[in-house]
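The letter at position 133 of the sequence shown is residue 137 when you use the working numbering, and the numbering goes up by one with no holes.
We put the beta carbon where it would ideally sit given N, CA and C, even for glycine.
Okay, structure first, notes after.
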Amino acid sequence: MTMVHVDPPSAQFIRSQAAFGTRRIALSLGVIWLASLLLCAALVRSWCLPTTIVTALDQDAQPEGAQQRITVLERSEQITKVANAELQQTIREREEEIAGLRADLAFYSRLTGGNAKREGLAVQGLQLSPVNNSSAYNFIVTLTQNIKKGQMINGHLSLSIEGVKDGKLQTLSWSDIGPAAESSGVEFGFKYFQRINGTLMLPAGFVPNRITVAADASGDGGHVDHQYTWAQTLNNGDSIDVQ
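Structure, rendered in structure tokens:
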């Protein structure tokens, strides 16, 4: 098979790609901020609605229509309360999105900035969340690299778990806990970072203690192992390294 050599992207191209990613995240922040302003304006308007209705009632309070207007006012107040609650929830969600985008922007800037530390394939984090009414867990692994700036790095990721079953220490490999269709691991491919999602299943009676993330990149992309305690990763949502 004939191998085709492709020149690596120029430094200017890499900087352009990094700047594009940063501008895209900044634009998303601006859109969410504008949406929050519109929601706040709608919230203020809804707060003013009961006062407007009361003023109209005072100006045109005829005995025969008073009860009907009171009923309308009560109904309007109920609608306003529901609308206010929905707006408050939407605003909280937008604020969470903004915080997440800001964190992603800072993270991306650290990886692609001119003063960023050059680092090969690395595991930056692991999060676990239990699946209801089962012994399965969803996981999110964050991988990074910036030693080959602008170049794709591909490979497979797998997890293994140490724990106790029937009073004996036991280590479960990826083939024991992962999907059969991904027996060789979960595929990844990225330039700077990637969040990899997956699901693992624990056998009945197994009590986990530690979990190890192993990532193998093709070619000279390297290999990395990173170990975390199970309880800290599961309970805190953020992984804590085992020293």
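task: Please state whether DSSP places residue 335 in a helix, a strand or coil.
output: The structure shown has nothing for residue 335, since the chain only spans 5 to 247.
field: Cβ distance (whole Å) where residue 125 is taken to contact residue 225 below 8 Å
entry: Here residue 125 corresponds to residue number 121 of the sequence shown, with the count starting at 1. Here residue 225 corresponds to residue number 221 of the sequence shown, with the count starting at 1. Rounded, the Cβ-Cβ distance is 6 Å, consistent with contact.
message: If the criterion is Cβ atoms closer than 7 Å, does the pair residue 200 and residue 145 meet it?
response: For the purposes of this step, residue 200 is identified with residue 196 of the sequence shown, where counting begins at 1. For the purposes of this step, residue 145 is identified with residue 141 of the sequence shown, where counting begins at 1. Against a cut-off of 7 Å, the Cβ pair of residue 145 and residue 200 comes out as a contact.
Residue 190 and residue 202 closer than 7 Å at C-beta: Along the sequence shown, read from residue 1 onward, the residue named residue 190 stands at position 186. Along the sequence shown, read from residue 1 onward, the residue named residue 202 stands at position 198. For residue 190 and residue 202, yes; Cβs fall inside 7 Å.
message: If you measure between the beta carbons of residue 206 and residue 182, is that distance less than 7 Å?
response: In the sequence shown, the residue the question calls residue 206 occupies position 202. In the sequence shown, the residue the question calls residue 182 occupies position 178. Contact annotation: residue 206 and residue 182 have beta-carbon atoms that are not nearer than 7 Å.
field: Where residue 153 falls, given that 16 or more other Cβ within 10 Å makes a residue buried
entry: Residue numbering aside, residue 153 sits at position 149 when the sequence shown is read from its first letter. By the Cβ-count criterion, residue 153 is buried, with 16 or more other Cβ atoms from all chains shown falling within 10 Å of its own Cβ.
- request: Answer yes or no: does any C-beta atom of chain B fall closer than 7 Å to that of residue 218?
  value: Within the model displayed, chain B is absent; a lone protein chain is all it includes.
- prompt: With DSSP run on the structure shown, which of helix, strand or coil describes residue 229?
  reply: To locate residue 229, count along the sequence shown from 1; it is residue 225. The answer is strand: DSSP assigns residue 229 an E or B state.
field: Simplified DSSP state of residue 99, which is helix, strand or coil
entry: Here residue 99 refers to the residue found at position 95 when the sequence shown is read from its first residue. DSSP places residue 99 in helix when its eight states are reduced to three.
query: Just checking my contact of residue 166 with residue 175 at CB under 8 Å: how many whole Å lie between their CB atoms?
result: Counting from one through the sequence shown, the residue named residue 166 turns up at place 162. Counting from one through the sequence shown, the residue named residue 175 turns up at place 171. Between residue 175 and residue 166 the Cβ distance is about 5 Å, and since that is below 8 Å, they are a contact.
message: Using the Cβ count rule (16 or more neighbours within 10 Å means buried), how would you classify residue 212?
response: One-based indexing of the sequence shown puts residue 212 at position 208. Buried, because 16 or more other Cβ atoms sit within 10 Å of the Cβ of residue 212.
task: State the Cα-Cα distance for the pair residue 71 and residue 84, rounded to the nearest angstrom.
output: Counted from its first residue, the sequence shown places residue 71 at position 67. Counted from its first residue, the sequence shown places residue 84 at position 80. So the alpha carbons of these two residues sit roughly 20 Å apart.
task: Taking only the alpha-carbon atoms, compute the straight-line gap between residue 127 and residue 192 and give it to the nearest angstrom.
output: Along the sequence shown, one-based indexing puts residue 127 at 123. Along the sequence shown, one-based indexing puts residue 192 at 188. Cα-Cα distance, rounded: 12 Å.
field: One or two residues paired with residue 199 in a DSSP bridge
entry: Here the question's residue 199 lines up with position 195 in the sequence shown. BP columns for residue 199 point to 146.
- prompt: Which two residues bound the contiguous beta strand (DSSP E) that contains residue 220?
  reply: The residue given as residue 220 occupies position 216 in the sequence shown. If you look at residue 220, you'll find it in the beta strand (DSSP E) that goes 211-221.
query: In terms of DSSP beta bridges, what is residue 179 paired with?
result: Position 175 of the sequence shown holds residue 179. Within the DSSP bridge table, the entry for residue 179 names no partner.
task: Give the single residue among 194, 140, 142 and 80 whose Cα lies nearest to the Cα of residue 151.
output: As a working mapping, residue 151 is identified with position 147 in the sequence shown. Out of 194, 140, 142 and 80, 194 has the C-alpha closest to the C-alpha of residue 151.
message: I believe residue 160 touches residue 220 by the beta-carbon criterion, under 8 Å. Please report the beta-carbon distance rounded to the nearest angstrom.
response: In the sequence shown, counting from the first residue as 1, residue 160 sits at position 156. In the sequence shown, counting from the first residue as 1, residue 220 sits at position 216. Between residue 220 and residue 160 the Cβ distance is about 6 Å, and since that is below 8 Å, they are a contact.
- prompt: According to the neighbour-count rule (16 or more other Cβ atoms, all chains shown, within 10 Å of its Cβ), is residue 2 buried or exposed?
  reply: Only positions 5 to 247 of the chain appear in the structure, and residue 2 is not among them; the question remains open.
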